[in-house]
Each structure stands twice: as structure tokens, then as C-alpha cells.
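In the working numbering, the protein residues as written are 940 to 1423.
Ideal Cβ positions, reconstructed from N, Cα and C, are used throughout, including at glycine.
Model, not experiment: these values are computed from the prediction.
See below for the structure under consideration.
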């Protein structure tokens, strides 16, 4: 590899407020087009905006979580450009005095820690949405999104690969959800990413000419776009060409980027302080109040899960990958410990990391879409501990319980899944298996230990998985020893 990739990200995050950045219009997603607009967010002359205090608080909360300095003096500025979905022909943003600056986020890459610098976080408003009708060769505009509060998180050019970019975005998204700053639904546009990328010969310290790819709305798109753009730039340089500083659009279907326009600089936007919005001051008292009410963040929770619950680091990382899953784990462990009188963290972890994740993947849903509760999970574990059902049967009960919300003991009774622990009944079945598999018995006696597993499997098959596994193992051993 003659070249190295240098990437900086600009992440746009829609804030979780009930009203827009500068007016009282609703931010609810999915409403009828143009039903959540007013003279302020439509930019009607004479309409005066006011700043959404909740949006300011959420921006501060994000800055604190990303180790930023919080600016005391803040202004809102006008970024002037014309675009059909920007009714005012300018966007209200923070160019000169961003609310947060000089932060960082640590990410984990194949077991090593890497620190990515955060240049700034600034408040701004979102634009509307264009809906293209190719059949009739026209575009429609929905202004419901115009004026929705955003923060833009701008990183330093510290990212060196597609994998690092995705790791950063995953960790950032997790933090934002833990903070309840945004729902981060990329499919709804709540989290969007611009990629600034350049390449340079290995060992060179100065940056190459960068391009910007706009509005990537999935981690997969970010990963593919970085890989493709780095290769495109390398091919241009290898053939003696010159990289143009431009804005490009990523086409995820074709797997390539397309030039849109020359990259604009700050002077092109003619920034100036918004005359309708006075500067606002953030004092230490406000910052301290927000800091004192910060939730436990993913990195802190990961460390605590290892120290408090004795979990492996891998389990801890998976279980804290979402706040919902982490809370579910802790609630389940608490209930199970109260029932058992001893810590059973790993048992709960295994069920959540194994069967729960398997089921959500199969159904294409999230934990919150299932009817599983910590109480239902612990009731299921209790049935296993009491020998009422076997572990294989428990998996069947688990799947139905998650989708129906019915208590596991009722599912067991309804389906007749109670474990068979009657010695005489099982002994008869074991003898049948031995009689039907003389070659397997011979193989086992000849030292082929795997043959025993086949016998166990045949016994479980005859009982439809309801036999007590420990009892089956013991009875098989006893009967094989006396088999001629």
C-alpha cells in the first residue's frame, strides 16, 4: 500500500425535542406532508425565531459525554445558500461560536484503543425534504423537517480506515441513545453522516486534496463509500491525474460516488451573525446541573459489568451495545439472584447473547419489539433449574414466550413439554436405542467417544427432546456396560 487514507466525519443528529429549533411546530416523524409548518420555519418575512432551550441542553449533554469544552458565549449565524428544501434561502447554524469544542471519543479497534478528536459540535436547523417523482419528472417538497433541531459533530481527520469509521459511528450512536439525545434512526434520517476523505503517500504529513460525500444513512454505506473513494483517488493519482476538491453523492445501489459540485468554502456561504437571534450565555451552573444528571455511559457500564458481575469483556461489550439490552440484563440478574440466593450473571448473559440475539436476527426485530420481560426470562430459568424442562425444550419455550408473552409454565403444560425424569420409562427407551444401534455400541467400545453422543441424540429424538439429559447419560452408561 503506497497510500494511506485520512478521514474526517461530519455527523448530523436530529435532537429529541417535541418542538422545532426556533418555533413551536411539532417534530413528530411521519405526519402528513407540510402539516407541521408555520411562518417561522417557512421563513416568512417578519416572523421572529426564538431558541429552543431543550435543544441547547441536549447539545451540552452530548458535549460533556464527548469530553468537550462548553462555550460560555454562543451566537447563531446565517449560512446563505439557495436550495429548494431551504425555504429561507439560508440556514441558521453556529459558525463562529460553536456550543462545544475540543473533545474526543475513544474507540476499540481489534483490542486496541484509539482516540478520535472532536473538533466542534454546533447547533443548527434541518432543511426540508425533497421527494422526487421520476415518473412525472418533478420534485415535491415536504417542509415538515425544516427547522428540526440538529447538532453537527465534526471530527478531526484521525480516522484511517472504513473499519475505524464504523467503530466510531457505532460507539457515538450508542452514547447518543444512552443520553436520550436522539433516537438515531438512520432510516428516518435522525442520524446522517458526511465523509471527508483524502489520501496521501505513506509517511507524508501534509493532507491531500479532500472530497466530501454527503448524507450517508447507514454504517454499511459509510464503510463502502470510504473504501470506494480511497480506491478512486488512488487510481487517479496512479494515472497522473489530479484530485478535485468537490462534493460527491454516494449511490449505494451502484456502489460508487458521483460528482455533484465543487466543494464550497466558508466564504462562499457569506456567514454573518443572525440579527433576529441575540447571543446566549451558558453559565457554569447550567453545565454543572446537566453534568450531575448524566446517565452512566456505555464505556463506564462496560467496566462495571466486568467488575460487578464478573463477566468476560466480550460479554460486557455485547450487553452494553444498547441501553435497552443493558437494562434488561441488570433487571433479569436482580430477579434471578433474588430467586437463587446467589449471583447467576453468566447464565442470564448466555441466554441474552445466544437465544435472544438469534431470535431477533431471525425475526428482524429489536428487543423492544418482543414480548419478553425479565420476569418471564427468570421464570423460564427457574423451570430449567427445577428440572421441569430440559435446555433444548427451554429454547422452544423461549421462542414462543418472546412472541406471545405467555408465561413459560403455561406453554409447557399446553404443549406437554414437561421433562421426562421417570427412570423406568427412560430405561426402556435407552434399551431400545442400544438394541437398534449395535454398530454404534461397537464403535464406542472400540474407543470412539463421539459414538456416545449419537446414542444420546437418538434417545433425545425418541423423547422429542423431553428426556432429562443427565439421566439419559447415566442410564446409557449403565446399560452399555452390561450390553453383550
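- In the same chain as residue 1309, and ignoring 5 residues on each side of it, the C-beta atoms closer than 6 Å to its own belong to 1341, in chain order.
- In this structure the region 953–969 lies against the region 1121–1136, because at least three pairs of beta carbons, one per stretch, are closer than 8 Å.
- Taking all protein chains in view, the Cβ of residue 1217 is surrounded by fewer than 16 other Cβ atoms within 10 Å, so the residue is classified as exposed.
- Annotation: residue 1105 to residue 1133 spans about 13 Å, alpha carbon to alpha carbon.
- A check of alpha carbon separations from residue 1397 across 1373, 1077, 1097 identifies 1373 as the nearest.
- Secondary structure remark: continuous alpha helix (DSSP H) runs of at least 4 residues inside the region 1134–1208, in chain order: 1158–1177.
- Taking a cut-off of 8 Å for Cβ pairs, the region 1158–1171 and the region 1188–1200 touch, as three or more such pairs fall below it.
- For the pair residue 1211 and residue 1016, the CB atoms are nearer than the 8 Å cut-off.
- Taking 3 residues as the minimum length, the region 1274–1350 contains no beta strand (DSSP E) run wholly inside it.
- By the criterion of a C-beta distance shorter than 6 Å, residue 1065 is surrounded in its chain by 1084, 1087, 1089, once the five residues flanking it on both sides are discounted.
- Apart from sequence neighbours up to five positions away, the residues of its chain that approach residue 1063 with a beta-carbon distance below 7 Å are 1030, 1031, 1032, 1033, 1089, 1091, ordered along the chain.
- Inter-residue distance for residue 1178 and residue 972 is about 48 Å (C-alpha atoms, whole angstroms).
- Ranked by Cα distance from residue 943, the options 1025, 1061, 1140 are led by 1140.
- Within its own chain, the residues whose Cβ lies closer than 8 Å to the Cβ of residue 991, once the five positions on either side in sequence are excluded, are 956, 958, 959, 960, 961, 1088, listed in chain order.
- Residue pairing by DSSP puts residue 1091 in a beta bridge opposite 951, 1061.
- Residue 1031: member of the beta strand (DSSP E) spanning 1029–1032, first to last residue.
- Per the coordinates, the alpha-carbon of residue 1331 lies some 25 Å from the alpha-carbon of residue 1251.
- Here residue 1264 carries a helix assignment [DSSP, helix/strand/coil].
- Collapsing the DSSP output to three states places residue 1370 in a helix.
- Looking at the DSSP output, residue 986 bridges to nothing.
- Comparing C-alpha distances from residue 1047 to each of 1079, 1038, 1108, 1094 shows the shortest one belongs to 1108.
- Counting only residues of its own chain and dropping the five nearest sequence neighbours on each side, residue 1272 has a CB closer than 6 Å to the CB of 1284, 1287.
- In the structure shown, the three-state DSSP call for residue 943 is strand.
- Remark: three or more beta-carbon pairs, one from each stretch, lie closer than 8 Å, so the region 1221–1229 and the region 994–1009 are flagged as touching.
- In the same chain as residue 1135, and ignoring 5 residues on each side of it, the C-beta atoms closer than 6 Å to its own belong to 947, 1149, 1151, in chain order.
- Between residue 974 and residue 1348, the alpha-carbon positions lie close to 49 Å from each other.
- Contact check for residue 1267 and residue 1306: beta-carbon distance about 6 Å, within the 8 Å limit, so the pair qualifies.
- In the DSSP assignment, residue 1072 falls within the beta strand (DSSP E) that extends over 1068–1072.
- About 6 Å separates the beta carbon of residue 1357 from that of residue 1327, a gap short enough to meet the 8 Å contact definition.
- Relative to the Cα of residue 1199, the nearest Cα in the group 1183, 1113, 1381, 1378 belongs to 1183.
- In the DSSP assignment, the residues bridged to residue 1054 are 1045.
- In the DSSP assignment, residue 1012 forms a beta bridge with 1220.
- By DSSP's assignment, residue 1405 forms no beta bridge with any residue.
- For residue 1045, the number of other beta carbons within 10 angstroms of its own is below 16, and it is reported as exposed.
- Buried is the label assigned to residue 1237, since at least 16 other Cβ atoms lie within 10 Å of its Cβ.
- In this structure, the alpha-carbon of residue 1056 lies about 21 Å from that of residue 1233.
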